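*Asks:* Take a look at the following structure, please.
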Amino acid sequence: RKVLRASTVPEASAEYATCRQLAVVTLCQAINQLDRYSKSTANRIVSGLTRIAAACREDIHPIANELMEPLLPAMLDGSQWGKFLRLRTEAIATVLVGCAESDDFRVENHPWISDFISFLLDPVVSSESQ
């Protein structure tokens with residue numbers, strides 16, 4: 002089991018960057034096709050995004066927009082409820098926390114953040130989580 006962490010050793014840094022890029026590309030492809038998978042597989046894919054984002058932390062920042070683009074529409078249109086909605090919310094929140102740790106982070110560079118915050122503040126969503 003590998004843990005994705007940046008390193009000051011050049012070889013380790015290169016391996017980290019390669020592994021991160023491969024994981025992100027694979028996740029992006031899967032997330033863009035979530036509707037093609039069973040619910041349980043889609044849940045595992047979204048959970049995988051949460052784990053990758055938690056492991057990469059601020060390194061998720063440069064590709065956050067690409068990762069979030071396919072996740073938000075189903076949340077915002079109300080078609081997702083229950084476990085799948087919770088998993089998506091956790092994934093997006095984890096990516097947001099990772100982005101916020103980056104020195105380059107600017108809210109205005111991530112249009113999905115305002116949509117996500119509005120979604121969280123929606124009274125319907127708030128009542129669902131209680």
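The sequence shown: position 109 = 110 (the working numbering), numbered continuously. Even for Gly, the Cβ is constructed at its ideal location relative to N, Cα and C. Keep in mind it's a predicted model, so treat the numbers as computed, not measured.
1) What are the start and end residues of the alpha helix (DSSP H) that includes residue 17?
2) Taking the C-alpha atoms as reference points, what is the distance between residue 20 and residue 60?
3) Let me know the secondary structure DSSP gives residue 1 once reduced to three states.
4) Would you tell me roughly how many angstroms separate the C-alpha atoms of residue 97 and residue 40, rounded to the nearest one?
5) Can you find the residues in the same chain that come closer than 7 Å, C-beta to C-beta, to residue 121, ignoring five residues on each side of it along the sequence?
6) Roughly how many angstroms separate the alpha carbons of residue 50 and residue 83, rounded to a whole number?
7) Rounded to whole angstroms, what is the Cα-Cα separation between residue 90 and residue 13?
8) In three-state terms, what does DSSP make of residue 116?
9) Roughly how many angstroms separate the alpha carbons of residue 53 and residue 37, rounded to a whole number?
*Replies:* Considering the structure as presented:
1) 11-32 is the extent of the alpha helix (DSSP H) around residue 17.
2) 12 Å
3) The shown model of the chain, from 2 to 131, leaves out residue 1, and the question about it has no answer.
4) So the two alpha carbons sit approximately 24 Å from each other.
5) none
6) 18 Å
7) 32 Å
8) Residue 116: helix per DSSP, three-state reduction.
9) 22 Å
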